[in-house]
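Numbering (our numbering), first residue to last: 450 to 885.
Backbone N, C-alpha and C define an ideal beta-carbon position, used for all residues, glycine too.
Take a look at the structure below.
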Ligand code: C2O
Ligand code: CU
């Protein structure tokens with residue numbers, strides 16, 4: 450394993466030497482209580498929701514950097530409780546990963562913390578609280594983090610579409626059952642209201658658009674349907690696909706992202722199928738006409754540079770998800786476990802020499818799907834036929850199924866590996882690896 454560009458940039462950030470380019474101005478992210486109009490459309494009259502947000506609203510502000518540039522953020526915690534910020538999907542310098550108890554002390558209410566790191570990969574990422582995330586993320590402590598390609602693809606509009614669900618009462622306030630064990634033992638705390646939050650509400654017919662879908666919900670898997678566009682899937686979890694792909698329903702586990710580049714045919718409508726039928730998530734209206742519609746083919750984004758597997762992995766490991774309602778017995782001391790152990794132990798599950806390739810089989814021995822997220826590095830999903838699938842940071846594994854993932858652990862530090870159904874993570878489905 451050679452020293453990658455990422456490693457170089459990360460160590461630049463680690464030393465306090467100012468890089469000669471892209472030195473960021475420090476921005477601030479203030480976590481605080483907000484009053485947000487979450488309910489829309491026919492539910493709007495129920496009123497606004499007391500929530501948590503950044504800089505006065507939820508979702509928090511768009512943070513945007515060029516690939517290879519440094520992002521400097523002063524996190525001001527005024528949320529009323531301990532908190533921290535995790536930069537989901539960024540192959541980050543470990544000390545900036547935002548995991549209390551593993552990479553930093555929790556940031557107490559009223560305190561600040563300086564995050565400063567280089568973003569090595571271009572793509573669609575997001576940031577969110579990593580403290581009591583099953584409550585803080587559910588209440589709104591998250592936002593989009595976009596890392597721009599050196600030469601971004603030629604589009605008329607670059608639109609972020611965060612998709613979330615909320616569990617609200619008739620007064621539009623959150624139903625105060627955060628942490629309800631019954632929900633955690635099942636599919637998690639699912640909302641009773643869902644919507645897409647596109648960063649712009651209109652486009653023109655004939656525009657070529659990039660849609661950056663982000664599932665920010667704490668437990669819901671969205672099978673997203675999109676109508677009104679003709680285009681291709683170009684990236685998953687921030688990482689470019691080697692070939693652009695046709696898509697139908699896009700299955701999105703919590704924390705997963707999908708980038709689409711497409712031409713607008715008519716109003717863009719987002720929806721998902723529920724047991725009660727089609728649930729509309731929102732619309733981007735097509736107004737007017739683009740007189741100079743593009744005819745070029747949609748081509749792949751510039752590659753990430755992460756090498757696909759070649760030959761046998763150095764190590765094979767099995768990560769067995771266990772527990773939950775209707776699950777079998779397991780040796781863990783909480784609702785869920787990995788390999789019979791609930792939650793973080795003093796010692797990491799794996800100690801891995803930097804540069805080691807690991808073929809890891811994620812086995813779901815439970816009655817619920819889980820979206821397993823690895824911090825600090827991306828991995829390739831291996832398809833059932835053995836072929837190499839997409840690079841991801843979160844892999845959805847259905848009950849009774851298993852999936853191999855291949856990862857070269859080349860980012861030193863202590864990295865969390867957990868279910869991104871946040872209530873599952875809170876009740877045992879977490880572990881960590883150390884790359885040395
Ligand atoms: Cu997006 Cu450990 O989280
Ligand atoms: Cu889970």
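Measure the Cβ-Cβ separation of residue 654 and residue 738 and say whether it is below 9 Å. yes
Runs of 3 residues minimum, wholly inside the region 759–787: which ones carry the beta strand (DSSP E) assignment? 764–772, 785–787
Using the Cα positions of residue 752 and residue 848, report the straight-line distance between them to the nearest angstrom. 32 Å
Cβ-based neighbour list, residue 507, same chain, cut-off 7 Å, excluding 5 preceding and 5 following: 483, 485, 500, 501, 589
So what does DSSP say about residue 741, is it helix, strand or coil? coil
At the level of alpha carbons, what is the spacing between residue 721 and residue 885? 43 Å
So does residue 683 have its beta carbon nearer than 8 Å to some heavy atom of the ligand C2O? no
Can you tell me where the beta strand (DSSP E) with residue 627 in it begins and where it stops? Looking at the DSSP string, residue 627 is not in any beta strand (DSSP E), and its letter there is neither H nor E.
Let me check you understand the geometry: is the CB of residue 865 closer than 8 Å to at least one non-hydrogen atom of the ligand C2O? yes
Taking just the CA atoms, how far does residue 633 sit from residue 667? 11 Å
Quick check: does the Cβ of residue 820 come within less than 8 Å of any heavy atom belonging to the ligand CU? yes
Give the DSSP-derived three-state secondary structure of residue 871 in the structure shown. helix
For residue 481, report the span of its beta strand (DSSP E) as first-last. 476–485
Just verifying my parser: in three-state terms, what is the DSSP assignment at residue 830? strand
What number of angstroms, rounded off, separates the C-alpha of residue 553 from the C-alpha of residue 544? 7 Å
DSSP three-state assignment for residue 471, whether helix, strand or coil: Only weak support exists for where residue 471 lies, its pLDDT of 47 falling under 50; the value from the coordinates is given anyway. Residue 471: coil per DSSP, three-state reduction.
Assess contact between the region 763–781 and the region 802–819, defined as three or more Cβ pairs (one per stretch) separated by less than 8 Å. Is contact present? yes
Here's the rule: buried if 16 or more other CB atoms are within 10 angstroms of the residue's CB, otherwise exposed. What is residue 876? buried
Figure out for me which residue from 759, 867, 775, 814 has the closest Cα to the Cα of residue 857. 759
Could you tell me the alpha carbon to alpha carbon distance between residue 823 and residue 741, rounded to whole angstroms? 43 Å
On the DSSP bridge list, what partners appear for residue 577? 535, 591
Can you list, in chain order, the residues of its chain with a C-beta nearer than 8 Å to that of residue 555? Leave out the 5 residues immediately preceding and following it. 531, 532, 533, 549, 580
May I ask you to check if the CB of residue 671 is nearer than 8 Å to at least one heavy atom of the ligand CU? no
Consult DSSP for residue 798 and reduce its assignment to one of helix, strand or coil. coil
Counting C-beta neighbours from all protein chains within 10 Å, is the total for residue 641 16 or more, i.e. buried, or is it exposed? exposed
Where does the unbroken alpha helix (DSSP H) through residue 844 begin, and where does it stop? No alpha helix (DSSP H) contains residue 844, which is instead part of the beta strand (DSSP E) from 843–846.
Would the beta-carbon of residue 882 be found less than 8 Å away from any heavy atom of the ligand C2O? no
Proximal residues to residue 470 (C-beta, below 6 Å), its chain only, five neighbours per side dropped: Bear in mind that a pLDDT of 47 at residue 470, under 50, signals an unreliable position, so the number given afterwards is only what the model happens to contain. Result list for residue 470: empty, nothing under 6 Å.
From which residue to which residue does the alpha helix (DSSP H) around residue 584 run? 582–585
Enumerate, from N- to C-terminal direction, the unbroken beta strand (DSSP E) stretches of 3 or more residues contained entirely within the region 516–570. 519–526, 534–537, 561–567
Could you check where the beta strand (DSSP E) with residue 654 kicks off and where it finishes? 651–654
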